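So for the sequence shown, my numbering puts the first residue at 174; every next one is plus one.
Only one structure is covered here, and it is reproduced in the block below.
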Amino acid sequence: MLFSTVLSAALALPLLALAAPVDVEKRGGSRFTYYDTSVGLGACGNWNANSAYTVALNSADYAAWGGGYPSAVCGKKIWVKYGGKTVSASIQDECPSCSKGQLDLSEGLFGSLADKDLGVIYGTWGYQSTKKTKSRAIRRDGEAEVEAEEDVEYDGEDFLTFEQALAEASA
Numbered sequence: 174m175l176f177s178t179v180l181s182a183a184l185a186l187p188l189l190a191l192a193a194p195v196d197v198e199k200r201g202g203s204r205f206t207y208y209d210t211s212v213g214l215g216a217c218g219n220w221n222a223n224s225a226y227t228v229a230l231n232s233a234d235y236a237a238w239g240g241g242y243p244s245a246v247c248g249k250k251i252w253v254k255y256g257g258k259t260v261s262a263s264i265q266d267e268c269p270s271c272s273k274g275q276l277d278l279s280e281g282l283f284g285s286l287a288d289k290d291l292g293v294i295y296g297t298w299g300y301q302s303t304k305k306t307k308s309r310a311i312r313r314d315g316e317a318e319v320e321a322e323e324d325v326e327y328d329g330e331d332f333l334t335f336e337q338a339l340a341e342a343s344a
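What follows is the structure, encoded as structure tokens:
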């Protein structure tokens with residue numbers, strides 16, 4: 174019995190050595206590449222600088238917003254996360270060669286997350302809410318209390334799924 178256990182372990186160890194290591198970020202993540210945004214007009218009708226934090230959305234997700242040029246998704250804010258860093262970006266282009274869920278990042282955005290020599294990284298992304306919230310403040314003005322209410326941009330702490338972002342856009 175001991176011999177068969179040792180033999181099984183001896184046969185299994187070389188197979189484990191052959192298994193390719195899996196990048197932690199790749200598990201359950203989306204594929205991110207980068208491209209030269211300065212080569213021409215983006216699908217959203219804008220010229221984009223490589224230094225700007227912009228993305229090209231894959232064609233499947235681009236079409237889900239109704240497609241067209243420009244699409245309703247153009248200008249939407251998203252968050253992109255890799256290696257413990259989270260940055261905000263704007264959708265400004267379409268990536269026809271990208272698979273569903275994949276993003277093509279501007280060089281500046283990719284470089285803020287990882288070394289461009291990597292070429293491909295795996296992370297997560299989602300849509301940011303664009304709702305405005307009401308901020309109420311009471312301040313003392315001399316002896317009187319003054320109550321003020323103003324629109325404030327959403328703070329970006331919570332992020333939306335595709336379905337939530339689409340519902341918010343059509344509301």
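The C-beta atom is built at its ideal place from N, Cα and C for all residues, glycine as well.
All figures in this text were calculated on a predicted structure; none of them were measured in a lab.
No Cβ-Cβ contact shorter than 7 Å links I294 with Y235.
Taking A225 as reference, the option from T206, W298, S272 and I264 with the minimal CA-CA separation is I264. Excluding its 5 nearest sequence neighbours in each direction, Y208 has C-beta neighbours in its own chain below 6 Å: D277, listed in chain order. Under the DSSP assignment, S285 falls in the alpha helix (DSSP H) whose first and last residues are E280 to L286. Our two residues, S272 and G248, have alpha carbons roughly 21 Å apart in a direct line. With a contact defined as Cβ atoms closer than 8 Å, N231 and G281 miss out at about 20 Å. For S232, the enclosing alpha helix (DSSP H) begins and ends at S232 to A237. In the three-state scheme derived from DSSP, where H, G and I count as helix and E and B as strand, K289 is classed as helix. In this chain, the beta strand (DSSP E) harbouring G299 covers I294 to Q301.
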